[in-house]
Structure formats: C-alpha cells, structure tokens
Amino acid sequence: MAERAAKRFVLEELRSHALTATSEAVKALATIAREKQANGENPQSWIAELLLAIGKEELNNGVVDGDLVARVGHTMQEEDSGDPTSNTFVIDAFEVPKLTFNPIKAKFEKASDELSRFGQAEAKIAAFRERYLLVEQRLLRHPSFIAPFAVTVERSLEFYQLTKIEALSGAKTGEKYVLGLLAQPNPGEFMIEDLTGSMAIDLSQTEVTEGFFTEGCLVLVVGEVVNAVFHVNMIGMPPQETAQDTRQALGNVDFFGQASKTLDVSRLQQMEEEATDVRHVFLSDVLLDKREVLQRLEELFQGFEACPPMLFVLAGPFTSRALGQGGEDMASYTDKFTQLAQLICRYPSIAEQSHFVFVPAMSDPGMGKVWPRPAIPDIFFAGFKEMLPEYTATSNPARIRFYSQEIVIGRMNYMHDMQRHAVLEPSETTDPATHLAKTLLSPVSYTHLRAHETPEHLVCRLLLEKKKRRR
7 MAERAAKRFV
17 LEELRSHALT
27 ATSEAVKALA
37 TIAREKQANG
47 ENPQSWIAEL
57 LLAIGKEELN
67 NGVVDGDLVA
77 RVGHTMQEED
87 SGDPTSNTFV
97 IDAFEVPKLT
107 FNPIKAKFEK
117 ASDELSRFGQ
127 AEAKIAAFRE
137 RYLLVEQRLL
147 RHPSFIAPFA
157 VTVERSLEFY
167 QLTKIEALSG
177 AKTGEKYVLG
187 LLAQPNPGEF
197 MIEDLTGSMA
207 IDLSQTEVTE
217 GFFTEGCLVL
227 VVGEVVNAVF
237 HVNMIGMPPQ
247 ETAQDTRQAL
257 GNVDFFGQAS
267 KTLDVSRLQQ
277 MEEEATDVRH
287 VFLSDVLLDK
297 REVLQRLEEL
307 FQGFEACPPM
317 LFVLAGPFTS
327 RALGQGGEDM
337 ASYTDKFTQL
347 AQLICRYPSI
357 AEQSHFVFVP
367 AMSDPGMGKV
377 WPRPAIPDIF
387 FAGFKEMLPE
397 YTATSNPARI
407 RFYSQEIVIG
417 RMNYMHDMQR
427 HAVLEPSETT
437 DPATHLAKTL
447 LSPVSYTHLR
457 AHETPEHLVC
467 RLLLEKKKRR
477 R
C-alpha cells in the first residue's frame, strides 16, 4: 500500500467513525496500516478496532492526536498479545470511578462531587438514592416489566407494572408491584420507601422468597392497599441481570476503571480459554503469628515451586489478635510480613514469578472501623518490600479482572450479620448460602445493613455491582 493510498484509506476510516485527527495522527495511522499489510494482516479490521478503542477515550478538543494513537495502539498490542499479566488488574474499592444514574437521560454519568472516605449525613441519603435508581433501571428492562407493543387479551397479563408509592393512595384496588427500601421506624412497625414517599406495610401474611430481608435492603413487594396500609402478599429481591444483558443495555460503561478499551468480551474470553496454565491461589485467615499457619504456607510453597501461580491472594486477618487490642504492636506486626517475605524467598520460582495481593480483614490496621476497608498501610510492608518490591495491598472488598472475568474478594461475616438482622424468617426449604447469594447480588450492594447494625461503619460510596455470577 503506497503512502498516499494509506492516508486516503485512514481518512475514510476516520470519517466513518465520525472522528477528526491531526496530520500527525493520520500519518501514524497510515504507517500502522502499511505495516499491518506488509505483515500479511488485514489493515482495515485492525484500524477499525483501533479507532473504536480511540473513540472510548477522552479526546483533546474532540481531535485525535498522535500521542493518543501511540498510547492506545501500544495498549491494544499488549492486550491482544494474550499475555495474562497485561490482562490482569487488581481493583481497589476506593479507586473505582464514581458513576451516578441520570433517570432523565437514562444513562450513567461521572459524579461531579469530590469523593471522601468520611461521608456527611447527606452522603448516606445520596447513597441509598443512587442504589434505588440503579436497581430500578435494571428492573424496568427485565422482560417481566416491559409492556408488549401490542397488548391483546391473551397477552394482557404477561407483564407487570411498577407502581410508585405516591400513586398507591389514589390507585384502583387490586394487586400492586412496588420497589422500595424496607424500613423499621419503630420496633415491629415496618414501612416501604421510594423516591416519592413512604407507606406503612403489613408483613403478617407475607410469603417469603429467597434472600435475607433486613432493614435498608431494596425489595420488590406484591400486595394491596387497605386503609392506608400496604398488605404484602409476597416479598422478594429484585431480579438479577447478567453481565451480557447489562452491556447490551448500557453499552461500554466502565464501572470499575479497568475494563479493556481495545478488546471486546468475545476476544477476551477466547484468550482466557487459551490461558490454560494460569493459576490463582486464594487464602484467608492467614494468621502470620501462628506457627502452624507458617508451616502450612511452607508446604504450599513447596508444592507450587515447580509451577508457580501467577497470583497469591492472601486475605486477613493476618494476626490472631487485633493491633493495639492486646495483640501485636506496630513493629511486631511489620515483622510478621517480613518473615513471610523471607519464607517466600526460599522458593526462587515463586518469588520471581508470583505476585502477592493482600486483602485486610476488619481487625487488621487501617482507618478505623470502615467498610469498605482501606488497604493495609505501606508502612507495615517496609521489610516485605525490601525483599519483594512487587506486591499489591488492596481494599476489602476488592476485585480482580482476569481477561473477561471480574472476581470479587470480600472478607466479612456476611452470613452472621444477615441472619442476625433479618426481619423475616427466611424459607427453610432453601440453603442459607443460596439466601446469602441472592441477598448480595440482587440489591447491587455488598451490604445493605444500617451502619449501627454492623461492626463496620458504612462508607457512603456506591460500589456498582453489575456482574451477576458473581455478580
């Protein structure tokens, strides 16, 4: 392909993608096209993918420049190489971009307000409001709540209509579907709240479906209004949604800040299937002050020395007693990680090829009793870092993106807290683990308990949970 023909080809591709580029960028794209053709590759498909990736970036005055072409092209080549390291990211909860759902524009937007780990009173209200809007937009595109274009007598009952609380008082009698927040203003008195108002509810004759129903959780209730009280016939968690359905509905919204900007999910899944020799090891309650734990770790490292895993994810607590509560002091706590590094260095293959990720528990040192839990401060890894400088101290909960997968690591006694604060007895015919999974996945939140009901204080920061598998 001649240089002039390559530039003409690039200009046509830019026009088809509604992009404007500087002369430097056009020259760089033309060079890439000629190189791809010389290597026997298809320049049209490669340039098209590159321009799609560039379209996801924030452009300088709406113009593609040469630096952007070079940066995105480099990232695309790294990710497309299939290298597991280039397609694995540890995502800290406090680095997640803050997005809010705009119900008027029906899309997610970046929050304009400053993020803080110490939210004010209004931040808690905003967090519940954002969670409600998040669940509502997902619920309204569920097939059961989408009205058919042409309603016939046969199909008239095939979909459900969501009713706002403010419309209940003047609505016709009959069964209504309401999405709202479950509240208990006084012991034994319950209310359902949404963005339009609140109403007292009667749960005495309620049929319970899967999930732990606590104060502060978003629920879907079915019932009738009698004497200004909503009598709930059935209560359940909002339906879940697959990641594929979310992508189809919302497009390329990067909820967590580490989504691939150059590869689609199908390509990531293909590379993931080809990476058959990649291993991740997850361990919890790694009590470094216990001799038995260190012995078991040594046995584990001995077994993996011949084929080191790419990741070791170690979750706390890392000592049997909390720092400053009759347990370890700062120097002793730091020494425990230094001893761990010394143990790892006995196995050169693991020390050179494996990456260690540390997830704190609530008893590990950090910023008070905060949930999500910030990472363990770097000062405690001083000795560890001297021997193994490549490690990651992340938050609790945290995520790992591995190609197309998003793996959640959370360290909290969810089952105990949910069972303790449930306002309705869960169905005994369903396994408690199933109840817990439904509770965590459906309301798009890791915990919906009120702050004073948990050993942690809820940080008013919305963690968008969209992938339903885990997610």
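Letter by letter, the sequence shown follows residues 7 to 477 of the numbering used here.
Each residue gets a CB set at the ideal place from its N, CA and C atoms; glycine is no exception.
Problem set entry | Close beta carbons around A39, own chain, < 7 angstroms, minus the five adjacent residues each side | If you number the sequence shown from 1, residue 39 lands on position 33. Only M7, A12, F15, V16, P49, I53 meet the Cβ criterion.
Exercise. Where does the unbroken beta strand (DSSP E) through R407 begin, and where does it stop?
Worked result: For the purposes of this step, residue 407 is taken as residue 401 along the sequence shown, with counting starting at 1. From DSSP, the beta strand (DSSP E) with R407 extends over 404-408.
Problem set entry | Nearest-angstrom Cα separation, counted from A76 out to T37 | Mapped onto the sequence shown, residue 37 falls at position 31. Mapped onto the sequence shown, residue 76 falls at position 70. For T37 and A76, the distance between alpha carbons rounds to 11 angstroms.
Problem set entry | For F387 and F318, believed in contact at Cβ under 8 angstroms, the rounded distance | Residue 318 sits at position 312 when you count from the first residue of the sequence shown. Residue 387 sits at position 381 when you count from the first residue of the sequence shown. Contact between F318 and F387 does not hold, since the beta-carbon distance rounds to 15 angstroms and is not under 8 angstroms.
Exercise. Taking buried to mean at least 16 other C-beta atoms within 10 Å of its own C-beta, is D89 buried or exposed?
Worked result: Stepping through the sequence shown from its first residue, residue 89 is reached at position 83. Exposed: under 16 other Cβ atoms inside 10 Å.
Exercise. Which of helix, strand or coil does DSSP assign to Y353?
Worked result: Here residue 353 refers to the residue found at position 347 of the sequence shown. Residue state for Y353 is assigned as coil, using DSSP reduced to three classes.
Exercise. Where does the unbroken alpha helix (DSSP H) through G61 begin, and where does it stop?
Worked result: Within the sequence shown, residue 61 is the residue found at index 55, counting from 1. Per DSSP, G61 belongs to the alpha helix (DSSP H) from 49-61.
Problem set entry | Member of M336, G389, S118 whose CA lies at the smallest distance from the CA of D370 | In the sequence shown, the residue the question calls residue 370 occupies position 364. It is M336.
For this session: Could you have a look at D384 and say whether DSSP puts it in helix, strand or coil?
Result: The residue you call residue 384 lines up with position 378 of the sequence shown. Here D384 sits in helix by DSSP.
Exercise. What is the rounded straight-line gap between the Cα of Q359 and the Cα of F310?
Worked result: Your numbering for residue 359 matches position 353 in the sequence shown. Your numbering for residue 310 matches position 304 in the sequence shown. Approximately 11 angstroms between the Cα atoms of the pair.
Exercise. Taking C-alpha atoms, which residue in L442, D291, V214 lies nearest to L430?
Worked result: As a first step, residue 430 is located in the sequence shown; it is residue number 424 there, counting from the start. Closest option to L430, judged by alpha-carbon separation, among L442, D291, V214: V214.
Problem set entry | Sequence-distant residues of its chain with Cβ nearer than 7 angstroms to R2 (five each side left out) | Residue 2 falls outside the range modelled here, since the chain spans only 7 to 477, and no answer is possible.
Exercise. Using 8 angstroms as the threshold, is the region 228-242 in touch with the region 171-183, meaning 3 or more CB pairs across them?
Worked result: Taking 8 angstroms as the limit for Cβ pairs, the verdict is that the region 171-183 does touch the region 228-242.
Exercise. Can the beta-carbon of A255 be found closer than 8 angstroms to that of R147?
Worked result: Here residue 255 corresponds to residue number 249 of the sequence shown, with the count starting at 1. Here residue 147 corresponds to residue number 141 of the sequence shown, with the count starting at 1. For the 8 angstroms CB-CB criterion, A255 and R147 form a contact.
Problem set entry | Spatially closest choice to Q211 from L289, F236, T440, N192, by CA coordinates | Taking the first residue of the sequence shown as position 1, residue 211 is located at position 205. Measuring C-alpha to C-alpha distances from Q211 to each of L289, F236, T440, N192 identifies F236 as the nearest.
For this session: Kindly indicate the opening and closing residues of the alpha helix (DSSP H) around Q143.
Result: One-based indexing of the sequence shown puts residue 143 at position 137. From DSSP, the alpha helix (DSSP H) with Q143 extends over 127-146.
Exercise. Nearest-angstrom Cα distance between F219 and S290?
Worked result: In the sequence shown, residue 219 corresponds to position 213, counting from 1. In the sequence shown, residue 290 corresponds to position 284, counting from 1. Cα to Cα, F219 sits roughly 28 angstroms from S290.
For this session: Determine the burial state of P314: buried for a count of at least 16 other Cβ atoms within 10 Å of its Cβ, exposed for fewer.
Result: Here the question's residue 314 lines up with position 308 in the sequence shown. Flag for P314 reads buried.
Exercise. Any idea what DSSP makes of P438, helix, strand or coil?
Worked result: Taking the sequence shown and counting its residues from 1, one reaches residue 438 at position 432. In this structure, P438 counts as helix in the three-state DSSP scheme.
Problem set entry | Simplified DSSP state of G6, which is helix, strand or coil | Absent from the structure is residue 6, since the part of the chain shown begins at 7 and ends at 477.
For this session: Give the C-beta separation of F151 and L168 to the nearest angstrom, bearing in mind that I take them to be a contact with Cβ-Cβ under 8 angstroms.
Result: Taking the first residue of the sequence shown as 1, we reach residue 151 at position 145. Taking the first residue of the sequence shown as 1, we reach residue 168 at position 162. Yes, they are in contact, since the Cβ atoms of F151 and L168 sit about 6 angstroms apart, within 8 angstroms.
Problem set entry | Length at least 4, wholly inside the region 260-348: the alpha helix (DSSP H) runs in chain order | Listed in chain order, the alpha helix (DSSP H) elements of length 4 or more contained wholly in the region 260-348 are 271-280, 297-310.
Exercise. For the region 79-117, which segments carrying the beta strand (DSSP E) assignment without a break, of at least 3 residues, lie completely within its bounds, in sequence order?
Worked result: Counting whole runs of 3 or more residues, the region 79-117 contains the beta strand (DSSP E) stretches 94-98, 105-108, 113-116.
Exercise. Where Q43 and L56 are concerned, what is the direct C-alpha to C-alpha distance, given to the nearest angstrom?
Worked result: Working through the sequence shown from its first residue, we reach residue 43 at position 37. Working through the sequence shown from its first residue, we reach residue 56 at position 50. Their backbone Cα atoms lie some 15 angstroms apart in a straight line.
Exercise. For the candidate residues T91, E63, V70, E41, whose alpha-carbon lies nearest to that of V284?
Worked result: Position 278 of the sequence shown, counted from the start, is the residue given in the question as residue 284. Nearest C-alpha to V284: T91.
For this session: For the alpha helix (DSSP H) holding F15, just list the boundary residues, first then last.
Result: Here residue 15 corresponds to residue number 9 of the sequence shown, with the count starting at 1. In the DSSP assignment, F15 falls within the alpha helix (DSSP H) that extends over 9-22.
Exercise. S448: buried (16+ other C-beta within 10 angstroms of its C-beta) or exposed?
Worked result: Along the sequence shown, read from residue 1 onward, the residue named residue 448 stands at position 442. When all chains shown are included, S448 counts as buried.
Exercise. Buried or exposed: which applies to H441, given that a residue is buried once 16 or more other Cβ atoms fall within 10 Å of its Cβ?
Worked result: Sequence index remark: in the sequence shown, residue 441 carries index 435 (1-based). That one is buried.
Exercise. Which residues share a DSSP beta bridge with R379?
Worked result: Working through the sequence shown from its first residue, we reach residue 379 at position 373. R379 is bridged to N402.
For this session: For E160, I'd like the list of residues in its chain whose CB is within less than 8 angstroms of its CB, leaving aside the five on either flank, ordered along the chain.
Result: In the sequence shown, counting from the first residue as 1, residue 160 sits at position 154. Caution is warranted here: a pLDDT of 49 is assigned to E160, below 50, making its placement in the model unreliable, and the coordinate value is therefore given only provisionally. Listed in chain order, the non-local C-beta contacts of E160 below 8 angstroms within the same chain number zero, local neighbours out to five positions each way being set aside.
Problem set entry | Inter-residue Cα distance where the pair is T28 and G46 | For this step, residue 28 is matched to residue 22 along the sequence shown. For this step, residue 46 is matched to residue 40 along the sequence shown. In this structure, the alpha-carbon of T28 lies about 27 angstroms from that of G46.
Exercise. Any idea if G186 is buried or exposed, counting beta-carbon neighbours within 10 angstroms, 16 or more meaning buried?
Worked result: Sequence index remark: in the sequence shown, residue 186 carries index 180 (1-based). Taking every protein chain shown into account, the CB of G186 has 16 or more other CB atoms within 10 angstroms, so this residue is buried.
Exercise. In terms of residues, what are the limits of the beta strand (DSSP E) holding E230?
Worked result: Numbered from its first residue, the sequence shown carries residue 230 at position 224. From DSSP, the beta strand (DSSP E) with E230 extends over 224-232.
Exercise. Does any heavy atom of the ligand NAD sit closer than 7 angstroms to the C-beta of T26?
Worked result: The ligand NAD is not part of this structure, which contains no ligands at all.
Exercise. Taking the C-alpha atoms as reference points, what is the distance between A404 and F362?
Worked result: Taking the sequence shown and counting its residues from 1, one reaches residue 404 at position 398. Taking the sequence shown and counting its residues from 1, one reaches residue 362 at position 356. Straight-line Cα distance between these residues: approximately 14 angstroms.
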